[in-house]
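Everything on this sheet refers to the single structure shown next.
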Amino acid sequence: TVSIGSAAQGTLQWFTFFQGLFWLFKVFSPYASKTYASLNNSDKSYWAACLVGSVHGIMISYWALIAADDSDLWTTTDFSLTTKDTTALYHVLLGYITSDLILLLYYLTSWPGNASMILHHVTTVVCFGTMLTCNYGHCLGVIVMILEATSPFVNMRWILEKCGMKSTLLYILNGLAMTIGWFLLRVLLVIWIGYRIFVMRTEILEMAPQHVLNVIVSFVIGGSLQIFWFRKILKGAIKVLFGAKKNV
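Residues -2 to 245 in my numbering are what the sequence shown lists, from first letter to last.
Next up, the structure:
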């Protein structure tokens, strides 16, 4: 079992890293983009948070994919399987999520989609924090981290819009990549994760009631949020495509 102190120390290291990255982006973004200088303070912070989220998304999804392949997490039926890599990945995810959650709470009334994002982040902290300290669920938790590969496309959509590039081919292609990627990773893959929970149900149901509840409730909340966001993304993609067609 990973002690709470050890989990907190590992998480704090990555929390510090992502907070530092956030402030670095705030310092250097004015030199990289004229658009950034025209934004209000709230949007400037959201810009920096988008860049941090993109770095995190690329890093953790790539690392999670390697860890999943190396430890056969795709096929294992050992719900208690953990490795050094899976534990380290939990530290990265929790460090990022807690860092971003603080920003979400600070900009509670000015950042878009805050209510659903706060629900997502709080659920993630509770679910993954419990799995980390109690040594279970890594075989599915690490697969969930691969979903973060869609984050750069989501963040780029907002940045391109602020840069006045909604009518460009780059914006349309990014939107299509975001929509397709979300469907494959955050809809179909989440359904597959639900199937994996069903396959391992016997071992899961043998755990303490609070841990069974953690797995089920977190999956239901997380899966519902992915569907909720996908509906919004799909509506936006259809609107952009019809708009692009009309302009041609």
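We put the CB at the ideal spot given by N, CA and C, even for glycine.
Contact check, residue i vs residue j, beta carbons under 8 Å
i	j	result
leucine 62	isoleucine 190	no
alanine 112	glycine 172	no
valine 196	glycine 220	no
isoleucine 140	valine 89	no
glutamine 10	glycine 92	yes
isoleucine 194	phenylalanine 216	yes
tyrosine 33	serine 42	no
histidine 135	threonine 79	yes
Span of the alpha helix (DSSP H) around residue i
i	result
serine 68	Note, serine 68: premise wrong, no alpha helix (DSSP H); not H, not E.
glycine 138	135 to 142
serine 26	1 to 29
serine 96	81 to 103
threonine 165	No alpha helix (DSSP H) contains threonine 165, which DSSP labels as neither H nor E.
Three-state secondary structure assigned by DSSP to residue i
i	result
leucine 62	helix
phenylalanine 180	helix
asparagine 244	Only weak support is given to the placement of asparagine 244: the predicted model assigns it a pLDDT of 44, under 50, and the value that follows is read from those uncertain coordinates. Reduced to three states, the DSSP call for asparagine 244 is helix.
phenylalanine 227	helix
serine 148	helix
glycine 54	helix
cysteine 131	helix
asparagine 37	coil
Residue environment, residue i, which counts as buried when at least 16 other CB atoms sit within 10 Å
i	result
leucine 182	buried
proline 149	buried
tyrosine 28	exposed
tryptophan 71	exposed
valine 245	Any reading at valine 245 needs caution, since the residue's pLDDT is 36, under 50, leaving its predicted position unreliable; the model's value is listed next. Valine 245 is exposed by the Cβ-count criterion.
arginine 228	exposed
Reference residue i, options the options, closest by Cα
i	options	result
asparagine 38	Thr83, Ala5, Met56, Leu100	Leu100
threonine 176	Phe25, Val237, Ser3	Val237
serine 30	Lys232, Asp66, Leu157	Leu157
alanine 45	Trp60, Val122, Phe15	Phe15
leucine 185	Val49, Thr74, Gln223	Gln223
Proximity test, Cβ basis, 8 Å: residue i and chain D
i	result
serine 51	In the structure shown, chain D does not exist; there is a single protein chain.
Residue i: CB within 7 Å of a non-hydrogen atom of the ligand PLP
i	result
serine 51	The ligand PLP is not among the ligands present in this structure, which contains no ligands whatsoever.
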